[in-house]
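Numbering (the working numbering), first residue to last: 517 to 849.
Quick reminder that beta carbons are idealized off the backbone N, C-alpha and C, glycines included.
Report on the structure given below.
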């Protein structure tokens with residue numbers, strides 16, 4: 517039985533359970549089921565159905581009276597709204613969860629929820645409010661001696677500082693996260709932080725530092741077996757190697773990223789490394805190879821309705837003009 521079929525069967529089971537709970541007037545159970553169903557539909561990328569389920573769950577949540585029992589479902593709904601860009605509704609739900617945890621004096625629950633509130637402010641680009649909530653969460657994590665929570669929060673603070681343009685303080689926050697992760701032996705967390713540090717160096721055009729960071733994180737992602745993170749890091753490595761003049765190394769990185777994305781069936785993102793491979797062929801004057809790869813990109817764009825289709829067609833036309841000029845020059849000799 518395929519994983520897709522198993523997931524679809526679970527969707528059908530949850531839908532049937534929700535109908536039963538609604539008929540029996542089990543509001544708490546219904547909310548928990550709808551939250552789980554919306555999460556599963558989001559994972560399956562069935563966005564229209566996920567949004568409808570999420571809306572229904574939100575309506576049920578408005579009538580909820582036993583909030584302590586369903587704080588987890590409220591939080592899950594908030595996360596799903598956040599992922600879909602519904603930050604105001606996510607904030608509303610997170611604040612309801614926060615009030616529940618505050619009444620129960622649940623310090624860990626408060627710290628976690630403050631971090632979620634900060635993430636939604638970050639999504640709204642209200643970075644100062646996000647930073648304020650992360651710092652409140654950080655203080656509580658210290659009080660609880662929650663090392664894993666501390667490393668996560670320092671990482672988030674670094675991300676916000678970077679978005680605010682405060683690069684030195686962002687690097688300092690990432691380094692504090694890295695120190696905690698090394699103490700915990702958290703290899704995957706360390707890979708994420710090294711990627712964040714490398715990305716900052718990339719923005720500052722510190723290419724050698726960026727290369728070192730991405731190479732370190734690549735090794736950790738390979739150990740963890742995370743194909744999406746691997747592909748993303750390989751693509752970043754390709755960009756850095758290209759800026760350093762290592763076209764062969766860049767091409768190899770892009771090719772590995774392409775292969776990993778194709779294995780995952782990630783047609784939306786696979787166009788990025790293929791496009792980058794085409795750009796290297798163009799830079800080398802290998803216009804036929806560049807056109808072949810750009811045609812692959814355009815075919816995928818058309819198949820999935822990619823928003824970059826117009827831009828990719830223009831790139832194809834530019835390379836075609838270069839090939840035509842080269843052919844005309846040969847014929848005139």
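Check, Outcome
"Roughly how many whole angstroms lie between the Cα atoms of residue 517 and residue 578?", "Summary for residue 517: the model assigns pLDDT 45, below 50, so the residue's position carries little reliability; its value from the coordinates is reported in the next sentence. Approximately 39 Å between the Cα atoms of the pair."
"Would you mind stating whether residue 796 and residue 747 have Cβ atoms separated by less than 8 Å?", "no"
"Mind reading off the beta-carbon distance from residue 713 to residue 735? Whole number of angstroms is fine, and I expect it under 8 Å.", "The pair is not a contact, with the Cβ atoms about 15 Å apart (cut-off 8 Å)."
"Excluding five sequence neighbours on each side, which residues of the same chain lie with their C-beta closer than 7 Å to the C-beta of residue 756?", "718, 723, 726, 727 and 730"
"Taking the C-alpha atoms as reference points, what is the distance between residue 773 and residue 786?", "8 Å"
"Is the beta carbon of residue 689 less than 8 Å from the beta carbon of residue 674?", "yes"
"Pick out whichever of 607, 657, 659 and 616 has its Cα sitting closest to the Cα of residue 645.", "607"
"What is the DSSP secondary structure of residue 719, reduced to helix, strand or coil?", "helix"
"Taking all protein chains shown into account, do 16 or more other C-beta atoms lie within 10 angstroms of the C-beta of residue 744, making it buried, or fewer, making it exposed?", "exposed"
"For the pair the segment 622-630 and the segment 651-671, tell me if three or more CB-CB distances fall below 8 Å.", "yes"
"Would you identify the three-state DSSP class for residue 560, choosing helix, strand or coil?", "coil"
"Start and end of the alpha helix (DSSP H) containing residue 815?", "803-820"
"Could you tell me which whole alpha helix (DSSP H) segments of length 4 or greater appear in the segment 679-724?", "683-700 and 703-719"
"Among residues of its own chain, excluding the 5 on either side of residue 836, which ones have a beta-carbon nearer than 7 Å to its beta-carbon?", "807"
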